[in-house]
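Everything in the sequence shown is counted per my numbering, starting at 234 for the first residue and increasing by one. Just so you know, even glycine gets a beta-carbon here, dropped at the ideal spot from N, CA and C. Model, not experiment: these values are computed from the prediction.
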Amino acid sequence: MILPVLWFMVRAATRRWARYALRVAFGLTVLGILTTYSRGGFIGLCVVLIFMFTKSRTKALSFALLLLAGVLAAFVVPDTFVSRIETIASYDQDQSAQARLKAWSLATQVALDSPIFGGGFRTFEQDVWEQYYPDTERAIVAHSIYFQTLAEHGFVGVGIFAALLIATYLGLRRVRKRATESDQTMLANLAGALQASLVGYMVAGAFLSRADFDLFYSVVAMSAAMQAVLAQSAGGEAEAAPPQPNATVGTGQMRRVSGA
């Protein structure tokens, strides 16, 4: 989620050394994601980079940077990471993937038993697993923000969570559009960066138990704040605009002048 924000800071920085430092931080963050060996993180990384590329105004430069990053990653990333990523295509033979599917099944059953309130926090504990799957030796976490919310808060809770995701994304899109129309480049770029961050959270979160991740709620708060700033700015411009002459009054005055 931090990658788009780092790139926004690169574009916003006024000093050359700051831009270089932020680019280095961007590259190191990409390498850091790869070295976690997280398949969900890898999928989220790919989606975020593609999203940033599609929204970029300098697609040629962005494509060159993506190509360079891919070449460097090919030399840096070990074979064990490549082997782990390849298991995405053969999930039916991967024990970890099968465990996730089992956890999602548990989440669905808990939600069906308590559709309004769910099972509450810390649903994926050993005692709950033994209740639904007595042969389970070790408790498994949800590995998905959606199934985590479904199990813990039921269908109502996951509906609210999904509505929050959608409303935040649409709000950022409105901010970006209106800020672009009013030549507020900085605000438009920040909204685009937060959009990409949110997309990364929604995609990578499908495979990670981070429904309570604080950075996501920071993006929600920033989206609301940016919409309020734009609304206040639009209201101030409307008050500052000079009053338009009344066409009806003007016509009446012209008639009186003609009659005179």
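Quick check on the DSSP output: the alpha helix (DSSP H) that includes residue i runs from which residue to which?
| i | result |
| --- | --- |
| E414 | I378 to E414 |
| A245 | I235 to A245 |
| T418 | T418 to A437 |
| A350 | First, the residue type needs correcting, since residue 350 is Phe and not Ala in the sequence shown. Note, F350: premise wrong, no alpha helix (DSSP H); not H, not E. |
| F259 | R249 to T268 |
| Y365 | Q359 to Y365 |
| L345 | Q328 to D346 |
| F446 | Segment: none, F446 is in no alpha helix (DSSP H) and carries neither H nor E. |
| R272 | R272 to K288 |
Report the CB separation of residue i from residue j in whole angstroms; it is logged as a contact under 8 Å.
| i | j | result |
| --- | --- | --- |
| R409 | A424 | 4 Å |
| R272 | F440 | 7 Å |
| A426 | V238 | 5 Å |
| L383 | T341 | 7 Å |
| I276 | A375 | Wrong, their Cβ atoms sit about 17 Å apart, outside the cutoff. |
| L236 | T262 | 6 Å |
| L463 | L431 | Rounded, the Cβ-Cβ distance is 18 Å, inconsistent with contact. |
| G274 | I266 | 5 Å |
| Y379 | L339 | With 8 Å as the limit, Y379 and L339 do not qualify as a contact, their Cβ atoms being about 14 Å apart. |
| F241 | N422 | 5 Å |
| M459 | L420 | 6 Å |
| V434 | M234 | Strictly speaking, residue 434 in this sequence is Tyr, with Val absent from that position. So it is a contact: roughly 5 Å between Cβ atoms. |
| F357 | I373 | 7 Å |
Item to complete: Mind the definition here: the stretch 386 to 395 touches the stretch 341 to 352 only if three or more C-beta pairs lie below 8 Å; say whether that holds.
Response: yes
Discussion item. Whether or not the stretch 330 to 343 and the stretch 367 to 378 are in contact is what I'm after, with contact meaning three or more pairs of Cβ atoms, one per stretch, closer than 8 Å; do they touch?
Written reply: yes
Discussion item. Could you check whether the stretch 239 to 248 touches the stretch 397 to 408, counting it as contact only if at least three pairs of C-beta atoms, one from each stretch, sit closer than 8 Å?
Written reply: no
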